[in-house]
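Okay, so here's the structure we're looking at.
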Amino acid sequence: MTEYRKMDCDLLVIGAGMAGMVAAARAASLGIRTILAGNSGSLIFVSGMMDYLGVYPMEARKSVADPALGLAGLRAAEPDHPYGSVDHEQILQGFDFVKKVLGKAGLAYHLSGGRNLSVLTAMGTLKPSFMVPKTMEKGTRLFGETAEKKSLLVIDIKGLQGFSARQVAAGMEHRLARVIPVTVEIPGISQTIPPIVLAQLFEDPKVQEAFVRQVLAFSDKVDIAGMPAVCGVHNSLGIQQRLENLTGLPLFEIPGLPPSVPGLRLKNAFETSLAASGVTFLSNVTIKDPVFNGKKFTLTGSTDNRELSISAGGVVLATGRFPGNGLHARRERIVETIFHLNVHQPVTRSLWHGTDFLTRQGHLVNRAGIETDKDFRPLNKRGAPVFDHLYAVGSILAHNDWIRLKSGAGVCLVSACAAVDRFHKRRSKAGP
Amino acid sequence: MEKTIETQVLVIGGGATGTGIARDLSLRGVRVILIEKSDLNAGASGANHGLLHSGARYVHSDIEAAMECRSEGLLLKQIAPHCIEETGGLFVAVPGDDEAYIADFPGMCERAGIPCRPLDVKDAGQMEPCLSPLLIAAFEVADAAIDPFKLSIENMNHSLAQGGKYSNHSQLKEFIRKDRKIIFARILDTKTNETSRIRADIYISATGAWAGFVAAMAGVDIPMVYSKGSLLVTGQRMATRVINRLRQAGDADILVPGGVVSIIGTTSLRVKSPDNIFPSVDEVDLIINQGKQMVPDLGSRRYIRAYCGVRPLIGSGGTDDRDLSRGFCLLDHANDGVENFITITGGKLTTFRLMAEKTSDLACERLGLPSVCRTRYLALPQTEGSGWTEPGVSLGQGSSFHGREEMMCECEMVPASAIDAIVAGIRKNRAVPDLLSIALRSRMGKGPCQGSSCSLRVLSHLYNRGEITGPQGVDGLRRFLNERWKGERALLWGTSLAQSSLKEMIHCGLFCLELGQGDLP
Chain A
2 MTEYRKMDCD LLVIGAGMAG MVAAARAASL GIRTILAGNS GSLIFVSGMM
52 DYLGVYPMEA RKSVADPALG LAGLRAAEPD HPYGSVDHEQ ILQGFDFVKK
102 VLGKAGLAYH LSGGRNLSVL TAMGTLKPSF MVPKTMEKGT RLFGETAEKK
152 SLLVIDIKGL QGFSARQVAA GMEHRLARVI PVTVEIPGIS QTIPPIVLAQ
202 LFEDPKVQEA FVRQVLAFSD KVDIAGMPAV CGVHNSLGIQ QRLENLTGLP
252 LFEIPGLPPS VPGLRLKNAF ETSLAASGVT FLSNVTIKDP VFNGKKFTLT
302 GSTDNRELSI SAGGVVLATG RFPGNGLHAR RERIVETIFH LNVHQPVTRS
352 LWHGTDFLTR QGHLVNRAGI ETDKDFRPLN KRGAPVFDHL YAVGSILAHN
402 DWIRLKSGAG VCLVSACAAV DRFHKRRSKA GP
Chain B
5 MEKTIETQVL VIGGGATGTG IARDLSLRGV RVILIEKSDL NAGASGANHG
55 LLHSGARYVH SDIEAAMECR SEGLLLKQIA PHCIEETGGL FVAVPGDDEA
105 YIADFPGMCE RAGIPCRPLD VKDAGQMEPC LSPLLIAAFE VADAAIDPFK
155 LSIENMNHSL AQGGKYSNHS QLKEFIRKDR KIIFARILDT KTNETSRIRA
205 DIYISATGAW AGFVAAMAGV DIPMVYSKGS LLVTGQRMAT RVINRLRQAG
255 DADILVPGGV VSIIGTTSLR VKSPDNIFPS VDEVDLIINQ GKQMVPDLGS
305 RRYIRAYCGV RPLIGSGGTD DRDLSRGFCL LDHANDGVEN FITITGGKLT
355 TFRLMAEKTS DLACERLGLP SVCRTRYLAL PQTEGSGWTE PGVSLGQGSS
405 FHGREEMMCE CEMVPASAID AIVAGIRKNR AVPDLLSIAL RSRMGKGPCQ
455 GSSCSLRVLS HLYNRGEITG PQGVDGLRRF LNERWKGERA LLWGTSLAQS
505 SLKEMIHCGL FCLELGQGDL P
């Protein structure tokens, strides 16, 4: 039997990825009656690191040390980039807002004081980022001026695929005084173990002790130790501190192949935050058929056994790109799936991708998306906002190759905060 | 000082013909070394339909080639059944196709001795439900599917077992000639950048589209014309049999099953060089739009890969007496003033064995060795570790691995033990394994996830086993990703684009592979 239900809210946020979660949290903090509809499962595909602007310009053969400088260049050269509608202060405030939201939900993050952080990855490469889980913080201090005097223990865990301590060590040998790879065996793991299951095991003191016993032998030989990001799903910082106390070594987590534990921690923390702040979260509800009656939007939300009619004063579209199905690519062109908005895109499919996957210039398809005004309201073909209170935020925005610029989380959180703030301001002005 | 290796015959080119010659000569007791600048089947041998022709495709245009295909096809089904699936084939026509061509077809087949059974179009539709409901004619023939990778690997393995030698990543840099003979070849190992010499009595170029370049090094001119052909792989197998469009050879007129997938192609586009080619978006659209006239589902299918090869066509310079057949081209360069140099090019996968036989006959004649070809009767042995290239061959065994075996590629169910066996095989040839050489010998990375995760799993596995040390593993990953990309980029829409975006998120967004080691902060 299909159940019918009517719901009403001030703001409907569609999409429960990074941008949607931040928009909902921001709206709740402003006292806006908010419904969030979407699938938060996609968060386990994010690395857990939050970038501001790691590379600019793309052709520069290195990452940018000071994202504020990169931002100045980006805003001047590419005013259509989503960062063109905000400034450095707003971006910093956005990071700080998210840090506080997550902190309140029990997930500690380390926010850079201004320069990009260097994060060691499971490939043995370094990635520039701006805000990282507290459990990764100590690793970012490894690559300062005294790096060549430091010795590092890299720990992998037997059965965890896609993470080899030897590989990480091979990538880091030339930067540090000494890198020692070691494999730790956790009792009871036969063959392979997914990272999330391993992280759950790490919450068991017996597993922690087995880990400590094998690492202890290296305590005198190295300054610091890195391990895969599997240090518990809940209370990861507490578990890390316990392991540090027992081994006598500073520890940090190294991000790797998704599904990722830091992503799962983010998902849990955002959901905790939503529940505490009174946002109605409709998980796994598909939103479709928007209608605007001149005053309010009405949309249909459906699950396997429910049909919802949701009425909202404003809508934030945070549905993501192709993996989240916010954008869908047909063979001939790219479409937006809910409002059928105008999608900025190359004229033919032959221009979507370059002939080199790892091209520095990035692929043009990644700059396709929704163009907006300065308030993040989608534009129609004539360049005017489609609706007064429809906003688009996050990775669906055009002119935003966040993969190459290392600006994914930054664009999500600042556009989400800015759009919600402007909705709030405009609505307050108009009165209830 | 360069190292010098001596042999009776140096074969250049590790495609179906080159490995076929290596096997043929080894079986005659001739000492042979095969060098390949990249790895097995890197050219047209790895970039075709995998079709074992009944011959019916050529009855209108080239009856001699048609008859060669028929007899070689029958022979290969006997000697190499583990490389072949006897699918049978159909020729079908849709409204608008040339009716005179259709009417002539059965008579032409009969003239060439090729069995061909007329079918009621309704029966054809029942035999292959994917066919267009609008068929106007259908015939059944004895086409089959052949795995060209397995074929070349087995040919080479059989040669190795008889004392032959194989060297991959070994590029011919120059021939040193004296008077009317090549006295040695200078070879570059592209992995170590070291050069060495191979001194042979006879030098055979089996380099397909690159025959002109190799001949030029010996001072011989072969006017070559290059025709690029692109093909698409569907996510699932669409038909039991090979399906041919019953018309003059044209774009996208053959659909061939390959294990759990199907392959549709080809196009024909003149290109200036056989290097740096990739399937274009326009070709992909042409193949789909043409192919769906015959098999409507091709319009909406998910495609997992596109690839292309170059057909070597000999320009008008060649004289008729040097053409053994219109199907292939065996050139004895004694006629051009180089007595110990032979080129074999052109031809079809179906006739590779015959090409190898004729070439080996000529080589043995030059060597003054009385010998008899044994490949016509001797079965091609099946070796372990070669069973992983056929698409999906391991899928049915998935449950028996589950929980017991560490799985490296989940799309194609390639276990760690298979990777280890392949690595051991590569090591046996004194080569260094990397992701590309493993991918060539397995189904790893060929499934719907486009190698996003398995590439990383296999790489860390190789580090853990000590098979890779130092930072070159990540460079190998970059090469693997860029090589796979050639086959993906023209097919990225729908779920394939979503998958590709995830891959880019992981490999570029997180691991920053586009930034290069020296660029990091």
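Line by line, the protein sequences give chains A and B. If you use the working numbering, the first sequence corresponds to residues 2 to 433, in order. If you use the working numbering, the second sequence corresponds to residues 5 to 525, in order. All residues carry an ideal CB built from backbone N, CA and C; glycine is no exception.
- Sequence-distant partners of Val-98(B) (beyond 5 residues in either direction) whose C-beta falls short of 7 Å from its own C-beta, in its chain, are Ser-136, Leu-138, Leu-139, Ile-140, Gln-297, Met-298.
- Within chain B, no C-beta atom comes less than 7 Å from the C-beta of Pro-134(A); the nearest is roughly 14 Å away.
- In this structure Ala-142(B) is buried. Its beta-carbon is surrounded by 16 or more other beta-carbon atoms within 10 angstroms.
- DSSP, reduced to helix, strand and coil, places Lys-382(A) outside both helices and strands of the structure shown, so it counts as coil.
- Inter-residue distance for Glu-254(A) and Leu-235(B) is about 44 Å (C-alpha atoms, whole angstroms).
- Going by DSSP, Thr-287(A) is part of the beta strand (DSSP E) stretching over 287 to 293.
- Below 8 Å, too few C-beta pairs join the region 163 to 181 of chain A and the region 199 to 208 of chain A to call them touching: fewer than three.
- Phe-131(A) sits close to Ser-113(A), with the two beta carbons spaced by under 8 Å.
- Excluding five sequence positions before and after Asp-101(B), the CB atoms of its chain that fall closer than 6 Å to its own CB belong to Arg-251, given in chain order.
- Secondary structure note for Ile-371(A): it is in no beta strand (DSSP E), with a DSSP letter that is neither H nor E.
- Using a CB distance cut-off of 8 Å, Asp-279(B) does not count as an interface residue toward chain A.
- Any Cβ of chain A closer than 8 Å to the Cβ of Ser-464(B) would place that residue at the interface, and such an atom is present.
- With contacts defined as CB atoms closer than 8 Å, Leu-154(A) and Ala-226(A) qualify as a contacting pair.
- With its beta carbon at least 8 Å from every one in chain B, Ala-24(A) lies outside the interface.
- Straight-line measurement puts the Cα of Thr-194(B) at about 18 Å from the Cα of Met-5(B).
- The beta carbon of Lys-222(A) sits no closer than 8 Å to any beta carbon of chain B.
- Within its own chain, the residues whose Cβ lies closer than 7 Å to the Cβ of Ala-270(A), once the five positions on either side in sequence are excluded, are Leu-103, Ala-106, Gly-107, Leu-108, listed in chain order.
- Spanning the alpha carbons of Gly-303(B) and Lys-289(A) requires a straight line of approximately 27 Å.
- At a cut-off of 8 Å between beta-carbon atoms, Pro-437(B) makes no contact with chain A.
- At a cut-off of 8 Å between C-beta atoms, Ile-510(B) counts as an interface residue with respect to chain A.
- Under the three-state reduction of DSSP output, His-111(A) falls in the strand class.
- Within the same chain, Met-448, Cys-458 come within 6 Å of Cys-413(B) by CB-CB distance, once the 5 residues on both sides are set aside.
- With respect to the 8 Å criterion, Leu-44(B) and Thr-23(B) are classified as neighbours on the basis of their beta carbons.
- Per DSSP, the unbroken beta strand (DSSP E) holding Asn-248(B) starts and ends at 246 to 249.
- For Leu-335(B), the enclosing beta strand (DSSP E) covers residues 332 to 336.
- Using beta-carbon distances, Gln-168(A) counts as an interface residue toward chain B, with a partner under 8 Å.
- Under DSSP, the beta-bridge partners assigned to Met-411(B) are Pro-419(B).
- Contact with chain B is found for Pro-256(A), since one of that chain's Cβ atoms lies less than 8 Å from the residue's Cβ.
- For Phe-282(A), the enclosing beta strand (DSSP E) stretches over residues 281 to 284.
- Around the Cβ of Asn-285(A), a 10 Å sphere holds fewer than 16 other Cβ atoms; the residue is exposed.
- The shortest CA-to-CA distance from Ala-210(B) to any of Ala-494(B), Leu-506(B), Ala-48(B) is the one to Ala-48(B).
- Chain-order list of chain A residues neighbouring Ala-502(B): Phe-323, Pro-324, by C-beta distance under 7 Å.
- Unbroken beta strand (DSSP E) stretches of 3 residues or longer found wholly inside the region 254 to 327 of chain B: 258 to 262, 265 to 269, 273 to 275, 307 to 318, given in chain order.
- In the pairwise beta carbon analysis, the region 280 to 289 of chain B is classified as touching the region 492 to 499 of chain B: at least three pairs are separated by under 8 Å.
- In its chain, beyond the 5 residues on either side, Thr-11, Gln-12 have a beta carbon closer than 6 Å to the beta carbon of Arg-35(B).
- Annotation: Pro-182(A) is outside any alpha helix (DSSP H); the continuous beta strand (DSSP E) that includes it extends over 179 to 185.
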